[in-house]
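**Q** Letter by letter, the sequence shown follows residues 1 to 343 of UniProt numbering. Before anything else, here's the structure in question.
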Amino acid sequence: MNYPNWTEALESHYAIKVASSDIHPFGDGHIHQTFLVKSGADAYILQAFNKNVFKYPERISHNHEILLEGINPKDLPFTLPLPIPTKTGALFAEDKGSIFRLSPFVAGRCVNEVKDPRQAYLAAEAFAIFIRAAKDLNPQDFQESIPSFHDLSLRFRQLQEAINHTRRHFDQELREVVDFYLAQESLVQEYENWRKILPLRVTHSDTKINNLIFSEYMDKVRAVIDLDTIMAGYAMYDFGDLVRTVACTEGESSRNWEKIKVDWEKYQALLDGFLEGGKGLLTEGEIESLPFGGKMMTCIMGFRFLADYLNGNIYYAIHYERQNLDRAINQMWLLKGLGESNS
């Protein structure tokens, strides 16, 4: 994609003055092209939007407008750096075919791994506080930025379709992995049962640790970021993704199968933090569903990794041919661990 001259584009669409020397690549995100922009004493984040991943930018803009109008910053002990409106009031700008936006810059630390239970607690508390702060917004008003993102039933059907149409040779290892995931149909049914009774919430829907900005000393959360997946969902989604990415002893690309276990101390910290952040909001049913959320979000990623491998690695970026299969095996071991007692 040919990106515009950022200096001209920014000054054309936003009420700021900026020199080309004040625009620098920023961060290590894999979705949008991101820059740090300085204008006098002010600093901003500029993102060139990836329309291949998020095919409906107008839905994201719609959701962010609701948040800008409906979230009271006083209800949040951290910043929610939503896009800054352009001169015409839009939340996205377009120049030379590129869609981009400008957001406030929040100084602090982003990390890819939780080092101790206290950090896990703070992360879970922050994401639950966001859900609580959005309690008066109607989740049905939000549009799906990624349709059926966390629909376990759909992902199971997609896996079944991939199994039926794959060109992969089924050796013993692949057959065992496929059989394991097909045997999770009971989890899919449990998911459908929870959907019948749980209230819809406005959820972040991508609660990885690097979607937070911590203070320099990692003693508080300064901002919740990567807000493109905010939409209607269930509290168990956000807790479950935290469990999957924070409470596992190995990263999702690890092949050290015997080392893939649940860090129950971090798990408990996540649960305590999420319950504290959601105090006064979460229903008894929602609280009961949280442990299932960890299993569900692990299972859904296993479904997706395995289906992508069977389909010929057409979605997730890989560094070697069987990486998506290895990722599926990784999630299989974590899912087994989550089925064990932490007593």
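Note that beta-carbon positions come from the ideal geometry of N, C-alpha and C, so glycine has one too. These numbers come from a predicted model, not from an experiment.
Quick one: is residue 359 buried, meaning 16 or more other Cβ sit within 10 Å of its Cβ, or exposed?
**A** For the chain, the structure presents residues 1 to 343; residue 359 sits outside this window and is missing.
**Q** Between which residues of its own chain and residue 1 is the CB-CB distance below 6 Å, once the five residues before and five after are set aside?
**A** Annotation note: pLDDT 43 at residue 1 (below 50); position unreliable, coordinate value reported separately. There are no such residues.
**Q** Among the residues of its own chain, which have a CB less than 7 Å from the CB of residue 272, if the five just before and after it don't count?
**A** Answer for residue 272: 121, listed in chain order.
**Q** Can you give, in chain order, each stretch of the alpha helix (DSSP H) that sits fully within the segment 133-207 and has at least 4 residues?
**A** Counting only runs of 4 or more, we get 152-165, 172-182 and 185-197.
**Q** Which runs of the alpha helix (DSSP H) fall wholly inside the segment 81-132 and span at least 4 residues, in chain order?
**A** Fully enclosed alpha helix (DSSP H) runs of 4 or longer: not present.
**Q** With a threshold of 8 Å on Cβ separation, who are the neighbours of residue 324 within its own chain once the five nearest residues in sequence on each side are excluded?
**A** Result list for residue 324: 305, 306, 308, 309, 313, 316 and 318, in chain order.
**Q** Helix, strand or coil for residue 231, going by three-state DSSP, please let me know.
**A** Correct three-state label for residue 231: strand.
**Q** Around the C-beta of residue 235, are 16 or more other C-beta atoms found within 10 angstroms, so that it is buried, or is it exposed?
**A** The residue in question, residue 235, is buried, as its Cβ has 16 or more Cβ neighbours within 10 Å.
**Q** By DSSP, does residue 66 sit in helix, in strand, or in coil?
**A** If DSSP states are grouped into helix, strand and coil, residue 66 belongs with the helices.
**Q** In this structure, does DSSP put residue 12 in helix, strand or coil?
**A** In this structure, residue 12 counts as helix in the three-state DSSP scheme.
**Q** Considering only their Cβ atoms, is the gap separating residue 298 from residue 331 smaller than 9 Å?
**A** Cβ distance < 9 Å, so residue 331 and residue 298 count as in contact.
**Q** By the 10 Å Cβ neighbour count, where 16 or more other Cβ atoms means buried, how is residue 342 classified, buried or exposed?
**A** Confidence at residue 342 is low in this model, with a pLDDT of 46, below 50, so the placement of that residue should be treated as unreliable; the coordinate-derived value is given next. Exposed, because fewer than 16 other Cβ atoms sit within 10 Å of the Cβ of residue 342.
**Q** Taking its Cβ as the centre, do 16 or more other Cβ atoms sit within 10 Å of residue 73, making it buried, or is it exposed?
**A** Label assigned to residue 73: exposed.
**Q** Let me know if residue 204 comes out buried or exposed under the rule of 16 or more other beta-carbons within 10 Å of its beta-carbon.
**A** Label assigned to residue 204: buried.
**Q** In the structure shown, what three-state DSSP assignment does residue 242 receive?
**A** Helix, per DSSP.
**Q** Which residue comes first and which comes last in the beta strand (DSSP E) that contains residue 281?
**A** Unbroken run through residue 281: none, as it is neither H nor E.
**Q** Rank 228, 279 and 36 by C-alpha distance to the C-alpha of residue 66 and give the top, closest one.
**A** Nearest C-alpha to residue 66: 228.
**Q** From the DSSP output, in three-state form, read off residue 351 for me.
**A** Given a span of 1 to 343 for the chain in the structure shown, any question on residue 351 remains unanswerable.
**Q** What is the residue span of the beta strand (DSSP E) that residue 74 lies within?
**A** Neither: residue 74 is in no beta strand (DSSP E) and is coded neither H nor E.
**Q** Keeping to the same chain, check which residues put their C-beta closer than 6 Å to that of residue 102; ignore five residues upstream and five downstream.
**A** Excluding positions up to five away in sequence, the list reads 14, 44, 46 and 84.
**Q** Rounded to whole angstroms, what's the CA-CA distance from residue 284 to residue 198? Just pull it up for me.
**A** Each residue's alpha carbon lies about 10 Å from the other.
**Q** Mind reading off the beta-carbon distance from residue 131 to residue 246? Whole number of angstroms is fine, and I expect it under 8 Å.
**A** Contact doesn't hold; Cβ gap of about 17 Å is too wide.
**Q** Does the beta-carbon distance from residue 302 to residue 243 come in below 9 Å?
**A** No, the Cβ-Cβ distance between residue 302 and residue 243 is not below 9 Å.
**Q** Please list, in chain order, all residues of the same chain as residue 108 whose beta carbon is under 8 Å from its beta carbon, the five residues on each side excluded.
**A** These residues qualify, in order along the chain: 213, 214, 215, 216, 222 and 223.
**Q** If the criterion is Cβ atoms closer than 9 Å, does the pair residue 17 and residue 8 meet it?
**A** No. Outside cutoff.
**Q** Excluding the five sequence neighbours on either side, which residues of its own chain have a C-beta within less than 7 Å of the C-beta of residue 148, listed in chain order?
**A** So the qualifying residues of the chain are 154.
**Q** Can you tell me whether DSSP reads residue 286 as helix, strand or coil?
**A** Helix at residue 286.
**Q** Pick helix, strand or coil for residue 254, following the three-state DSSP scheme.
**A** Coil at residue 254, not helix or strand.
**Q** According to the neighbour-count rule (16 or more other Cβ atoms, all chains shown, within 10 Å of its Cβ), is residue 189 buried or exposed?
**A** The residue is exposed, with fewer than 16 neighbouring Cβ atoms inside 10 Å.
**Q** Looking at the C-beta of residue 152, does it have a partner C-beta in chain D at a distance below 9 Å?
**A** Reference to chain D is not applicable here, since this structure consists of a single protein chain.
**Q** Grab me the residues of residue 22's own chain with a C-beta within less than 8 Å of its C-beta, minus the 5 sequence neighbours each way, in chain order.
**A** These residues qualify, in order along the chain: 37, 38 and 39.
**Q** Please name the residue, chosen from 88, 167, 286 and 159, that lies closest to residue 178 on a Cα-to-Cα basis.
**A** Closest by alpha carbon: 159.
**Q** Measure the alpha-carbon distance for residue 41 versus residue 34 and round it to whole angstroms.
**A** One C-alpha to the other measures close to 20 Å.
**Q** Within this structure, are the beta carbons of residue 48 and residue 98 separated by less than 9 Å?
**A** Result yes, Cβ atoms of residue 48 and residue 98 sit closer than 9 Å.
**Q** Considering only DSSP beta bridges, list what residue 25 is partnered with.
**A** In DSSP, residue 25 forms a bridge with 35.
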